[in-house]
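K.L.:
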Ligand code: AMP
Ligand code: MG
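In our numbering, the protein residues as written are 95 to 506.
(1) Could you pull out every residue in the same chain whose Cβ sits closer than 7 Å to the Cβ of residue 265, ignoring the five residues on either side in sequence?
(2) Among 453, 459, 449 and 407, which has the Cα closest to the Cα of residue 431?
(3) Looking only at DSSP bridge pairs, what is residue 140 linked to?
(4) Ignoring anything shorter than 4 residues, give me the alpha helix (DSSP H) runs that lie fully in the segment 138-175, in order along the chain.
(5) Can you have a look at residue 226 and say buried or exposed, based on whether 16 or more other CB atoms are within 10 angstroms of its CB?
(6) For residue 123, which residues does DSSP report across the bridge?
(7) Can you name the start and end residues of the alpha helix (DSSP H) that residue 379 belongs to?
(8) By the 10 Å Cβ neighbour count, where 16 or more other Cβ atoms means buried, how is residue 489 classified, buried or exposed?
(9) My assumption, with CB atoms under 8 Å, is that residue 169 sits in contact with residue 218. Please give the rounded CB distance.
(10) Alpha helix (DSSP H) containing residue 444: first to last residue?
(11) Quick one: does the C-beta of residue 282 sit closer than 7 Å to a heavy atom of ligand 1?
(12) What did DSSP end up calling residue 98 once you bin it into helix, strand or coil?
(13) Considering only residues of the same chain and omitting the five flanking positions on each side of residue 504, which have a CB-CB separation below 8 Å?
(14) For residue 434, does the three-state DSSP call read helix, strand or coil?
(15) Tell me whether residue 354, by its Cβ, gets closer than 7 Å to a heavy atom of ligand 2.
(16) What three-state label does DSSP hand residue 364 in the structure shown?
(17) Just to confirm my understanding: we take residue 487, look at its own chain, exclude 5 residues before and 5 after, and list those with CB closer than 7 Å. What are they?
(18) Name the DSSP beta bridge partners of residue 299, please?
(19) In its own chain, which residues sit with a C-beta less than 8 Å from the C-beta of residue 400, not counting the 5 before and 5 after it?
(20) Look at the alpha carbon of residue 112 and the alpha carbon of residue 412, and state the distance between them as a whole number of angstroms.
(21) Does residue 199 come out as helix, strand or coil in the three-state DSSP assignment?
(22) When we look at the beta-carbon of residue 483 and count the other beta-carbons within 10 Å, is it buried (16 or more) or exposed?
(23) Let me know the alpha helix (DSSP H) ranges lying completely inside the segment 306-370, each 4 residues or longer, listed in chain order.
(24) Under the criterion of a Cβ to heavy atom distance below 7 Å, does residue 325 qualify as lining ligand 2?
(25) Could you check which residue in 102, 352, 280 and 125 has the C-alpha nearest to that of residue 392?
(26) Ligand 1 and residue 398: does any heavy atom of the ligand fall closer than 7 Å to the residue's C-beta?
(27) Please say whether residue 123 and residue 271 have beta carbons closer to each other than 8 Å?
(28) From 243, 203, 211 and 221, pick the residue whose C-alpha is nearest to that of residue 230; which is it?
(29) Determine which residues share a DSSP beta bridge with residue 113 and list them.
(30) Would you mind stating whether residue 445 and residue 474 have Cβ atoms separated by less than 8 Å?
(31) Tell me the DSSP secondary structure of residue 214 in three-state form.
(32) What are the residues that DSSP puts in a beta bridge with residue 497?
(33) Is it the case that the Cβ atoms of residue 374 and residue 442 are separated by a distance below 8 Å?
(34) Flag residue 469 as yes when its Cβ comes closer than 7 Å to any non-hydrogen atom of ligand 2, and as no otherwise.
(35) Is it right to say residue 462 is buried, meaning 16 or more other beta carbons lie within 10 angstroms of its own, or is it exposed?
(36) Tell me the rounded alpha-carbon separation between residue 347 and residue 299.
Here you go:
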């Protein structure tokens with residue numbers, strides 16, 4: 095991981111591979127109550143301790159019958175009831191039926207449930223149409239959904255709202271999850287002012303942390319926010335020192351572009367092993383990656399779109415792996431027809447910001463969000479997808495086909 099040693103620009107795939115090679119899942123795990131486990135990553139597989147459902151039960155409100163009884167007579171007197179949580183008590187005499195409700199235990203000997211809409215209730219009993227009754231109809235058998243001992247979730251699964259009800263149905267009260275990775279972050283730059291204060295000459299607001307910190311939290315991390323650090327060797331050195339002792343990953347913005355990189359480089363070279371890369375992507379060319387003792391380091395470019403994009407594209411998979419998530423995948427790309435032209439020069443893969451819609455023929459169409467400068471964050475705010483333009487591609491005219499990548503849930 096030497097400094098600036100890549101000839102030309104580094105393809106995004108190569109950068110990603112180098113980042114993931116150097117990233118190792120946190121070791122520590124914790125046990126969490128199920129209702130606190132949303133978004134956390136399982137540190138062990140989960141085998142079902144029971145059958146689900148745990149007993150044969152009715153899928154309908156209706157009548158439990160023995161088909162053999164219906165072969166002798168089509169009217170059966172009512173002899174009892176089985177309700178959800180209150181199974182049939184006592185004997186079930188021959189040639190009778192049982193009132194049964196959805197979710198109630200199937201009485202011993204029952205081989206069909208007839209829904210209440212298909213019977214007639216008379217003073218003599220319940221009148222059935224025996225020819226329409228099929229063996230096991232409307233009976234949900236024991237273990238129909240999940241069998242005892244079955245693998246239901248693998249180690250490395252990030253728990254969603256779709257997983258928790260299933261685990262609850264198994265009676266699982268606690269899950270073993272990886273601890274959250276810790277990200278320490280700060281912005282660098284003498285020109286950066288906090289929001290809520292007036293701007294002096296040459297100053298701008300520090301906007302990057304307002305995007306990256308929520309992203310890191312959505313990626314499942316705890317964040318140590320170290321604020322804005324001026325371009326001062328001493329103060330930067332102190333900030334890096336604090337960040338690396340408190341976190342698994344240090345993510346900074348600014349100070350990695352040509353000119354400024356030399357400044358950061360001097361500090362980082364004494365503290366760690368950092369590569370200052372020039373990535374073949376736009377925005378996001380200047381990017382630094384490496385190690386600061388036991389912590390990983392990602393230096394995002396200062397330009398707001400570049401900082402946000404590289405956090406999403408490069409830091410997100412790093413944090414997924416660090417947090418133990420094994421199924422993380424970038425969102426799929428799909429073809430769309432352009433409604434506007436897209437400015438592009440060959441040489442880098444562009445992640446332009448676009449707005450897609452589905453037309454009346456069910457096809458994806460996409461238009462640009464306008465000014466695609468790496469400092470123009472409105473292009474990101476307006477967008478609902480990335481328009482990924484291949485490295486060697488030039489200008490795209492309206493009507494051409496491009497690949498779009500929809501945003502994953504972290505951008506909403
Ligand atoms: P740098 O990478 O430090 O050379 O910064 C590149 C550009 O991004 C400059 O125009 C900076 O003023 C701007 N910039 C750097 N950090 C931030 C930030 N935290 N918020 C907004 N703009 C920034
Ligand atoms: Mg700067």
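Using N, Cα and C, we set each Cβ at its ideal position, and we do this for glycine too.
The structure displayed is predicted, hence computed values, not measured ones.
P.N.:
So, to answer that:
(1) 143 and 144
(2) 459
(3) 247
(4) 161-164
(5) exposed
(6) 272
(7) Element bounds for residue 379: n/a, residue is neither H nor E.
(8) exposed
(9) 5 Å
(10) No alpha helix (DSSP H) contains residue 444, which is instead part of the beta strand (DSSP E) from 443-452.
(11) yes
(12) In this prediction, residue 98 has a pLDDT of 38, which is less than 50 and means its spatial position is unreliable; what the coordinates show is noted afterwards. Residue state, collapsed to three classes: coil.
(13) 309, 312, 313, 406 and 410
(14) coil
(15) yes
(16) helix
(17) 438 and 440
(18) 287
(19) 377, 378, 379, 380, 394 and 468
(20) 10 Å
(21) strand
(22) buried
(23) 327-340 and 354-365
(24) yes
(25) 280
(26) yes
(27) yes
(28) 203
(29) Looking at the DSSP assignment, residue 113 forms no beta bridge with any residue, so it has no partner.
(30) no
(31) strand
(32) 429 and 482
(33) yes
(34) no
(35) buried
(36) 13 Å
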